[in-house]
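One structure is given here, and the rest of the page talks about it.
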Amino acid sequence: MRINKLSSVVIIFVFVLAGGKFSVANSTALTVRAGIGYDFVSQQYFIDSVRFSGSDSLTELSLLEKDYLDDKKALLSVSFNPDSKGHYSLEGSWEQTSELFRAGGRGFLSFGDFYNQLQAELNVDIKERYRGDIIEGEEMTILDGTIRLKKQLADNFNGKISLSGESVIYDTVGTYIYNYSRLRSYIELNYITENYNSIYLTFGAEKRYVPDTSHLDYNLFRGGMGYTGSVMDGSTSAEVSFESKDYNQIDDPDDYFLTMLHADLRFSISDRLDLITDFEMEHYNFSEENYINEDYYQTHLGLYTVWEMGDFSFSLGPEIEFLTIDSKSENDDDYFELLGFAGFDYFQGFVFLFLDNQFGHRRYLNNPILYSDFVFDRVSIIGSLSIFWNLNLDVLLSAEWEWHQNESDDSRLYLLSSSLTYSF
Amino acid sequence: MNRHIKSFIIFLVVMVLFGSTATAQSDHSRIRNGFAEELQKTDRVIEQARIAINRNNNAYDSYYLRIANQQAEKLVLNAIALQNQAKIFDNVTSSVADIIVGEKKTLAARGLAIKAITIKKRAEGKVEENEHTILRQLEKTDRLIERLRENAPANVPDRLKSAFDTALENQRRAWELFRERALRASLKLSRQTEKTLEKLGEHIRAGNTENRRLENQIARAEQKLEQTRLEIKECNSDEARELISRADQEMSSCHRYLSENENEMARNSLKNAQRLMQRAARLCSDNQSVNRAVARLEADIKIYSGQIIAGGDPNAIGLLESAGQHLRDAKRLCESGENEACAASVKAAQMNLRKALRLTGN
């Protein structure tokens, strides 16, 4: 298996490099990106653990920590993009840590102009551990391909249709890890008004196959319609969509029908000051209501002022979120969350930095069995700096803390992705 | 101390003792009631865990799912055992210390029942952090990537390329975490990636607007170039033709730079082309006006020559001849495209004619 995978990786690179070799006439066709990086994803949570020995078995509070990623990595990618309009490209990438490697290959091909185009895309990703104990579900091969047709149907009317397939194959399957394949289709119709506003309709269907357990196969349908464009003196986007999931078992209680609403509106108060409102709502309607699958509404509302000053912009505002469960239990998990959002953006030719912080409180309204009220803080930093020539430093940092009334529910999540790369 | 005071103190002591005993009793019953409530909650969770485990119990083809179900069943059995131990302390005779031990046991039993439900759901791959919500988030970010690729002119601008590539890598990592069942981390990373892409998208769109503006300017310049080309055909100026040919070259460079996303260079070429076109147009418009001046001068000389000759003033007649000579020079110069020299000759002829007319009394 490993030899086969390694052969695939070698083939990807040879293919990409050979592409570059045949395009010496265009020296910009081949781009090499090399660098180092560090990825860290860790979750910490407190949990009750129990000693069963003897009659004095007692609950103990312990801190559990799970590092999903802790990779110091070297990375190399070679991309061959001979056409300045991006009609076709090939890319091979390699990431190496002290214990595992990831190899990827991507190919893209398109025919036609911007308005009428046939596109084909193929991605291959391989992750292998070469040192240390193999963790269940860690080593995998992913094949993902898409064929897409874009067509200008009339002057202001265009359409898109795509067919995708994905196959995920694990080296070791386990309790929670099983191989699966998904076949997806998607149709989009888009009407552009004379003011360049867009009204669109979408429809998609998906089928998942789980060879190990046909019980987990499902059919999924989704659709929606929306509007993006101007309204009065501002801009807006609004969408209503649905999703229906049907597991491969008659009257499976996990089957659901989901309805989603989203609307945002942005308008200027003055030259530098904008006001943004954002509204989102989800309604899950399960085929059979029980303790685990209860119908619910989740609603989110945000109101922000954005102050733009040259390369800087500041945003500030409150957000609320509430969950309303259609439950027969008096101790359901209905909650109300109130938070303050503060953001800072800086964007200049060689550097950009986006910082934001959400600080708030979630209150459970009905004294639920499983959860307790908590205060939370979510910090996010996204930055990119072009140091000189084509040397770039990219950082993504996210941290989230939850301090619960019931200490055993406390949790923390840290996420860092950084890379220092040079392209030539 | 008199008897009244003594009686009062005894009364007070009795009241305090009675009060504290009553408070202690109410505290005890409050703790007991709280404990009873906790036991009931745990009973409910255990019941729900039982329902979850019994559902589809025999429907699994997968060995692993059966194992997961067995694990969940074991946990529920342990939860029931612990809950039964806890219930022993739900007794009128139980002390506060006993009740606290009972409470800890029932909480532990509840924790096990919750774990059983979680294992069952995770094994089915359906819930825990709402798997379908995460899948939708991942696909939403994928669609955003696709849209950005579509809307970016040819490709993502160089200055955003590195950040865009890193965002793509992070999205691939979010998918990887999803496939490894690290659902919460996957959700967080994909949301962060979406946020990065939205910000980049704002700047790519701004760049697109700038690009569209540049494309419009180029289209307008192309029209102007055609128009100027027609004009210089009429004015027949080699210098203007040369200028238009150079403007043509600049426009070709401009198109090439635009296709290579070198917008600044494209803008420079466009400016050069526009400057060259303006010079050619000015040249031709000067040519036309000077030709009109030559025609007017020729007409004036024809009109006034009889009058000047009839006046008989030799100086005036000399000036008229000189004006005629300048007119002939002007015609020759205009034909050869030497507009400035032509205009100077026209001016000299006009001055001579005016002087001649003054000498003849006009």
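For the record, the sequence lines run as chains R and B. Following the numbering used here, the numbering of the first sequence begins with 1 at its first residue and continues without gaps. Following the numbering used here, the numbering of the second sequence begins with 1 at its first residue and continues without gaps. Every residue gets a Cβ at the ideal spot worked out from N, C-alpha and C, and that includes glycine.
For S98 (chain R), the closest alpha carbon among the candidates R:T146, R:T193 and R:K73 is that of R:K73. Secondary structure remark: continuous beta strand (DSSP E) runs of at least 3 residues inside the segment 85 to 162 of chain R, in chain order: 88 to 96, 100 to 112, 117 to 129 and 140 to 154.
Three or more Cβ pairs closer than 8 Å define a contact, and the segment 382 to 396 of chain R meets that threshold against the segment 412 to 422 of chain R. At least one CB of chain B lies nearer than 9 Å to the CB of Q43 (chain R). In this structure F347 (chain R) touches H203 (chain B) by the C-beta definition: roughly 6 Å separates them, less than 8 Å.
The three-state secondary structure of M251 (chain B), taken from DSSP, is helix. Under DSSP, N357 (chain R) forms a beta bridge with R:A342 and R:V379. Counted as a single uninterrupted DSSP element, the beta strand (DSSP E) harbouring D274 (chain R) occupies residues L273 to F286. Here the C-alpha atom of V78 (chain R) lies approximately 6 Å from the C-alpha atom of T31 (chain R). The shortest CA-to-CA distance from G112 (chain R) to any of R:A103, R:D410 and R:Y88 is the one to R:Y88. At least one CB atom of chain R sits nearer than 9 Å to the CB of N170 (chain B). Taking the Cα positions, K41 (chain B) is about 25 Å away from Q298 (chain R). In chain order, G165 and K207 place their CB closer than 6 Å to the CB of L183 (chain R), counting only its own chain and leaving out the 5 sequence neighbours on each side. Below the 7 Å Cβ cutoff, chain B contributes S162 as neighbours of N392 (chain R), in chain order. The beta carbon of T421 (chain R) sits closer than 9 Å to some beta carbon of chain B. By the rule that beta-carbons nearer than 9 Å mark a contact, V168 (chain R) touches chain B. When only Cα atoms are considered, T305 (chain R) and F108 (chain R) end up about 41 Å apart. Setting aside the 5 residues that flank it on each side, F322 (chain R) is surrounded in the same chain by T299 and F336, each with a C-beta closer than 6 Å to its C-beta; the list follows chain order. With the criterion set as a beta carbon lying under 9 Å from some beta carbon of chain B, the members of the segment 238 to 255 of chain R are E243, K245, Y247, Q249, D252, P253 and D254, in sequence order.
Less than 9 Å divides the Cβ of E239 (chain R) from the Cβ of L261 (chain R).
In this structure, the CA atom of R173 (chain B) is about 28 Å from the CA atom of D254 (chain R). Where Y304 (chain B) is concerned, the enclosing alpha helix (DSSP H) starts and stops at N263 to G311.
Apart from the 5 residues on each side of it in sequence, D217 (chain R) sits with its Cβ closer than 8 Å to the Cβ of K207, R208, Y209, V210, Y247 and N248 in its chain, given in chain order. Taken through DSSP and simplified to helix, strand or coil, Q137 (chain B) comes out as helix. Residue-level contact by beta carbon holds for Y68 (chain R) and chain B, with a gap shorter than 9 Å.
Straight-line spacing of the CA atoms in S167 (chain R) and A266 (chain B) works out to 45 Å. Annotated three-state conformation of D67 (chain R) is strand, per DSSP. Among the residues facing chain B, L75 (chain R) is included, as its CB has a counterpart in that chain under 9 Å away.
In terms of Cα proximity to F221 (chain R), the closest of R:Y256, R:D252, R:G159 and R:S270 is R:Y256. For the pair C342 (chain B) and D286 (chain B), the Cα-to-Cα distance works out to about 10 Å. In this model, S372 (chain R) and G86 (chain R) are separated by some 52 Å (Cα to Cα).
Ranked by Cα distance from F376 (chain R), the options R:S386, R:F350, R:F352 and R:L413 are led by R:L413. For Y284 (chain R), the number of other beta carbons within 10 angstroms of its own is at least 16, and it is reported as buried. With respect to chain R, the C-beta atom of A185 (chain B) has a partner C-beta closer than 9 Å. Interface criterion not met: the Cβ of I134 (chain R) is under 9 Å from no Cβ in chain B.
Three or more beta-carbon pairs drawn from the segment 98 to 106 of chain B and the segment 26 to 45 of chain B are found closer than 8 Å, and the two stretches are therefore classed as touching.
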